[in-house]
Amino acid sequence: MLSRLFRRLFLEKLVAAHAVGRLSFFGDHVHLADAQSFAAFLAPLRKAEWVVYAKRPFGGPEAVLAYLSRYTHRVAIANSRLIAFDEQGVTLKWKDYRIEGRDRYKRMTLATDEFIRRFLIHVLPKGLHRIRHYGLFAKSSCADNIARARELLAISNSQDEPTVAAVDHSEPTCPCCGGRMIIIEVFERGATPRHPPTGPTIVIRVDTS
Numbered sequence: 003m004l005s006r007l008f009r010r011l012f013l014e015k016l017v018a019a020h021a022v023g024r025l026s027f028f029g030d031h032v033h034l035a036d037a038q039s040f041a042a043f044l045a046p047l048r049k050a051e052w053v054v055y056a057k058r059p060f061g062g063p064e065a066v067l068a069y070l071s072r073y074t075h076r077v078a079i080a081n082s083r084l085i086a087f088d089e090q091g092v093t094l095k096w097k098d099y100r101i102e103g104r105d106r107y108k109r110m111t112l113a114t115d116e117f118i119r120r121f122l123i124h125v126l127p128k129g130l131h132r133i134r135h136y137g138l139f140a141k142s143s144c145a146d147n148i149a150r151a152r153e154l155l156a157i158s159n160s161q162d163e164p165t166v167a168a169v170d171h172s173e174p175t176c177p178c179c180g181g182r183m184i185i186i187e188v189f190e191r192g193a194t195p196r197h198p199p200t201g202p203t204i205v206i207r208v209d210t211s
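Okay, structure coming up:
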């Protein structure tokens with residue numbers, strides 16, 4: 003039932019996309035731009051038994067982040083997969099996931115224009131980001147979100163704006179964080195400070211089990 007449901011929904015989406023001109027055909031498949039030719043092409047697929055690949059979901063957010071981290075900063079193909087190129091085309095390595103073992107790694111030679119076409123499919127259009135940030139404080143809409151939140155909470159901008167504290171330039175500041183440093187003791191060079199250094203906090207744990 004899952005196979006037939008997926009087959010029907012998928013083919014309906016294809017027909018709808020073709021009707022509004024969202025599908026493009028090139029090379030030997032240009033004739034599929036015609037509605038009747040496209041319908042004849044899909045006819046055998048309506049009778050074939052489809053195999054739906056439904057795998058178990060990711061095991062938590064850690065697994066999702068581990069999966070995405072392998073792809074966010076990668077290009078379409080690594081240089082290590084490129085074997086050779088000449089006037090005939092580009093030879094590269096690819097992995098057949100249907101085969102286990104060392105035989106799954108194979109070689110493929112593509113014409114130069116076909117290799118460039120496949121490579122450019124992975125190049126994002128101008129204005130799109132590979133990594134997008136969502137949420138209330140997302141950089142692209144942070145100001146609009148905060149203004150909308152203030153409007154919904156009936157808070158004026160002047161009520162909740164933090165006041166800038168007066169900076170005492172006579173007090174030394176920390177060179178690392180810029181915070182105000184508190185003077186505990188002043189002593190001469192070579193003298194021993196009288197104030198004992200502050201030791202680490204000792205945590206005592208009592209196990210009553």
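Counting with this note's numbering, you get residues 3 to 211 for the letters of the sequence shown.
For glycine and all other residues, C-beta sits at the position ideal for the given N, C-alpha and C.
Unbroken alpha helix (DSSP H) stretches of 4 residues or longer found wholly inside the stretch 66-150: 114-123, given in chain order. Excluding five sequence positions before and after Gly192, none of the CB atoms of its chain fall closer than 7 Å to its own CB.
For Arg9, the uninterrupted alpha helix (DSSP H) segment begins and ends at 4-21. For Leu16, the closest alpha carbon among the candidates Leu47, Leu4, Phe28 is that of Leu47. Assignment of Arg58 by DSSP, reduced to helix, strand and coil, places it in the coil class. Look at Arg48 here: in three-state DSSP terms it is helix. Of all alpha-carbon atoms in Leu130, Asp88, Glu102, the one lying nearest the alpha-carbon of Thr114 is that of Asp88.
Of the candidates Arg10, Glu116, Leu154, Lys141, Arg10 places its Cα closest to the Cα of Leu44.
Using a Cβ distance threshold of 9 Å, His124 and Val77 count as a contacting pair. Counting of Cβ neighbours within 10 angstroms places Val92 among the buried residues, the total reaching 16 or more.
Taking a 10 Å sphere around the C-beta of Phe28, we find fewer than 16 other C-beta atoms and assign the residue as exposed. Contact between Leu4 and Ala56 holds, since their C-beta atoms are separated by about 7 Å, short of 8 Å. Look at Arg152 here: in three-state DSSP terms it is helix. Its chain contains Leu25 as the residues whose beta carbon lies nearer than 6 Å to that of Ala19, once the 5 sequence neighbours on both sides are disregarded; these appear in chain order.
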